[in-house]
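Enquirer: Below is a structure I'd like to ask you about.
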Amino acid sequence: MLDAVLTSLWLEVASANVSYAVQARVDTRMRSMEAQATGESVPPVAGDMDLVPTLGLKFDDGNAVGSLEYAPRISFREATTNPRTEVQHVGRLLGDWRPSRGLTLHGTQEFVLGQVNLFTNLPLGGSVDDPLGDPIPGDVVVDVPIQPLPEGVDSVFFLSSLTTLAAETVWLGRGLSLSGSAGFSASGGLDATAQEAVPFQYGPRGQAALGWSPAPRHTLAATVGVTDSRFSTGARATVSTLTGAWTHRVDRRSAVEVGVGVGVAYSMRATEEAAPDEALPGVTPAGGRRLTTFQVGVTPPEEEPLARLDLLPDLTLAWTYRVPSRVADFNSRVAARVTPFVDRLTGLVYPRADVTLNGTWALGPRVRLSATGGGASAVGGAVGDRQVVGGVGASWTVSRWVSLEADTRTAWTRSPDVEAARMVWSATLGLSVRQTGIL
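The sequence shown stops at residue 439 when you use the working numbering, and every number in between is there.
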């Protein structure tokens, strides 16, 4: 019997399609320095160069698809002022398996390890991936949150790891779907110096969603999610959410999404004591911030409880618009949210409003333009960072193997514990050479 199983497995592997992709990318970047470095004075502008070789393998036999990608980033930073070399190890493992009709299993593992610039590698938030494509019932679009930037820090020795297992099924009946996911994430600084800027955090997460499409243009979804994050400072944040969403496709070009829910947040403030040489009382390694200023309420109490339980809103209003065209295909999304937010620098949980705008223009098959912008601020009496971010990008596919990309981004941040606002920017030009084939 074992021989039969091994023979069947060998025949399936032998009949599968195995392809490879090899790519080399070079990025040259100019960026601001005035609000990122501490200590002795530095020039206001710095120049970097990144070299990113990529090796990818893909296995596809129809019912199972797996891919593996490794893309280390070798950065030559501040080449004209303080030259140094930094390395990031970036990898991704993806797998999809359809064991039977109506059931799909997913698995992902993503990691980043090494010196990471927290601005130039920071996502600006939002998503416009085929907003008017056929939606999967129960599938809720989750925008990337705008993250706060630590003060006085350029690069940190950073680890980011996310493991996710998910399943989707339509066995419940016509128009009904059930999906669920479980995962574990870990991210933050690895050494003591890095953790002073970005505390290390880790914990599990899970989500379950039930979707129903009563009509072709309407989708209803109920989602339950929970995340638990523990920080190296001693802080802890557990957030559970229950959300109902309604998506309505107005016409072939536009769609509206409305989500209403509630979140229950259990949080513990940092317990790690400040270093003896700290100038300000109450300062912890979480980016040199006084954690007490982030608590809900205009005037925080003198003696704050170690743990607190809050009931917070979870609201979403989004509009997507698309103009399909062979000459200038346009996709856009505007989203406004008020959600429970876990600050990655302090570990505190507070209600925060985010507004993000995203657009992409495909000017023919070779040229693509994109723009993104947004802002975030604590609401409901909470005190936190205020942020405004934006960026524009362009890509040109010169040939099947060569492409050019340009990207500019900027971020304005105002922290309640810092007198002056912070403004940073970067501009990047990249060249990619790619080769694909079948093994």
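In this text, a Cβ means the ideal position worked out from N, Cα and C, and glycines have one as well.
Just so you know, these numbers come straight off a predicted model, no measurement behind them.
Using 8 Å as the threshold, is the C-beta distance between proline 351 and alanine 382 below it?
Expert: yes
Enquirer: Counting beta carbon pairs with one atom in the region 56 to 70 and one in the region 92 to 103, are three or more of them shorter than 8 Å?
Expert: yes
Enquirer: Using C-beta distances below 7 Å, list every residue in its chain close to glycine 133, excluding the 5 sequence neighbours before and after it, in chain order.
Expert: Confidence is the limiting factor: at glycine 133 the pLDDT is only 39, short of 50, which leaves the residue's position unreliable, though a coordinate-based value still follows. Taken in chain order, the list of residues that qualify is empty.
Enquirer: Return the first residue and the last residue of the alpha helix (DSSP H) that threonine 320 is part of.
Expert: From DSSP, threonine 320 is part of no alpha helix (DSSP H) but of the beta strand (DSSP E) over 307 to 323.
Enquirer: Proline 53 to threonine 104, Cα distance in whole Å?
Expert: 32 Å
Enquirer: Rounded to whole angstroms, what's the CA-CA distance from glutamate 69 to alanine 21? Just pull it up for me.
Expert: 9 Å
Enquirer: In the structure shown, what three-state DSSP assignment does glutamate 405 receive?
Expert: Under the three-state reduction of DSSP output, glutamate 405 falls in the strand class.
Enquirer: Mind checking which residues open and close the alpha helix (DSSP H) that includes alanine 197?
Expert: 192 to 197
Enquirer: Grouping DSSP H, G and I as helix and E and B as strand, with all else coil, what is phenylalanine 111?
Expert: strand
Enquirer: Can you say whether proline 281 is buried or exposed, counting buried as having 16 or more other CB atoms within 10 angstroms of its CB?
Expert: Unreliable placement is indicated for proline 281, whose pLDDT of 41 sits below 50; the coordinate value is still reported in the next sentence. Proline 281 should be labelled exposed.
Enquirer: Please state if the CB of serine 181 and the CB of valine 170 are separated by a distance shorter than 8 Å.
Expert: no
Enquirer: Does the distance between the C-beta of glycine 173 and the nearest non-hydrogen atom of the ligand PLP fall short of 7 Å?
Expert: With respect to the ligand PLP, the structure shown offers nothing to examine, as it has no ligands at all.
Enquirer: With DSSP collapsed to three states, give me the class of valine 418.
Expert: coil
Enquirer: Which whole-angstrom value is the C-beta distance of serine 441 and leucine 348, which I expect to be below 8 Å?
Expert: Lying outside 1 to 439, the shown extent of the chain, residue 441 is not represented and no answer is given.
Enquirer: Within a Cβ cutoff of 6 Å, which residues of the same chain sit near aspartate 50, ignoring the five residues on either side of it in sequence?
Expert: Sequence-distant Cβ neighbours of aspartate 50 in its own chain, meaning closer than 6 Å and more than five residues away, are Asp27, Arg73, Ser75.
Enquirer: With distances taken Cα to Cα, identify the nearest neighbour of methionine 423 among Arg29, Phe158, Gln387, Glu405.
Expert: Gln387
Enquirer: Considering Cα atoms alone, identify which of Ala378, Val226, Val338 is closest to leucine 317.
Expert: Val338
Enquirer: Could you check what DSSP says for asparagine 82 in three-state terms: helix, strand or coil?
Expert: coil
Enquirer: By the 10 Å Cβ neighbour count, where 16 or more other Cβ atoms means buried, how is aspartate 314 classified, buried or exposed?
Expert: buried
Enquirer: Sorted by chain position, which residues of the same chain lie with C-beta nearer than 6 Å to proline 204's C-beta, five sequence neighbours on each side aside?
Expert: Phe184, Asp228.
Enquirer: Compute the distance between the beta-carbons of valine 433 and tryptophan 401, then report whether it is under 8 Å.
Expert: yes
Enquirer: Can you name the residues that DSSP bridges to alanine 235?
Expert: Looking at the DSSP assignment, alanine 235 forms no beta bridge with any residue, so it has no partner.
Enquirer: Considering only the alpha carbon of each residue, which of Thr247, Gly189, Thr108 lies closest to proline 214?
Expert: Of the candidates Thr247, Gly189, Thr108, the residue whose Cα lies closest to the Cα of proline 214 is Thr247.
Enquirer: Please state whether DSSP places arginine 174 in a helix, a strand or coil.
Expert: coil
Enquirer: Could you name the residues of the same chain whose beta carbon sits closer than 6 Å to that of glutamate 278, not counting the 5 residues immediately before and after it, in chain order?
Expert: Legend: pLDDT at glutamate 278 = 41, less than 50; position of this residue unreliable, no value from coordinates given.
Enquirer: Measuring straight from C-alpha to C-alpha, what distance separates valine 264 and phenylalanine 341?
Expert: The alpha-carbon atoms of valine 264 and phenylalanine 341 are separated by roughly 11 Å.
Enquirer: Could you check whether the region 154 to 164 touches the region 190 to 200, counting it as contact only if at least three pairs of C-beta atoms, one from each stretch, sit closer than 8 Å?
Expert: yes
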